[in-house]
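Structure record follows, encoded as structure tokens.
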Amino acid sequence: MNFFIFVIISFVAYSTASPIDLAFEEEEKLRDPSRTKWGLNQAGYGASHTGNIYDNGKNVLDGTVSASKAWNSHGLKPDVVGGRLDFKNKQTGSAAFLGADRTRGSGTDVNAGVKYNFVQEKNLNVDVTGQYERHFGGPGGTGKADAGVFLNVNGRI
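Sequential numbering from 1 applies to the sequence shown in the UniProt record's numbering.
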């Protein structure tokens, strides 16, 4: 079941982040080369792509898909594949995200979070954030959930 959820999240993130002509006015955003990243380091190599799924001027939904491979691993399959959806309300600055990363042989890490701004003034911002993380599968089995809720206050005098 966990793998099925991961596959759905990855498929949605990949299909929406891939540079396909969904709308003529979105073509420039989707093909923006700065939204595709790749890198090499002593551990291995990887690539990711972020694309805009929805933007009506008030709300934005972006999707990201990524994959990486260690230098010393065998075969052509990536060692880690993942996806993430990010939502943001431009007017309030409230946001939410949902993501998953599957490491071959080690299970899947799922995380989600939300931020709600309930005071947004010139000299005072107050928001509440919540996060949830959990590891599913792998040699260690399913882990305990790690969750937290935080109150953030930022003021200028």
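Quick reminder that beta carbons are idealized off the backbone N, C-alpha and C, glycines included.
For clarity, every value in this text was computed on a predicted model and none was experimentally measured.
Just measuring C-alpha positions, the residue of THR108, GLY75 and LEU61 sitting nearest LEU85 is LEU61.
DSSP places ALA70 in the uninterrupted beta strand (DSSP E) bounded by 59–70. At a cut-off of 3 residues, the continuous stretches assigned as beta strand (DSSP E) that sit fully inside the UniProt domain "Attacin C-terminal" (46–153) are 59–70, 80–89, 95–103, 107–120 and 124–136. Taking VAL149 as reference, the option from SER68, GLY155, ILE157 and VAL128 with the minimal CA-CA separation is VAL128. A direct Cα-Cα distance of roughly 13 Å separates ASN89 from GLN120. Excluding its 5 nearest sequence neighbours in each direction, TYR132 has C-beta neighbours in its own chain below 6 Å: ALA112 and ALA147, listed in chain order. Annotated as proximal: ASP101 and VAL80, with beta-carbon spacing under 8 Å. Taken atom to atom, the span from the alpha-carbon of PHE136 to that of THR108 is near 5 Å.
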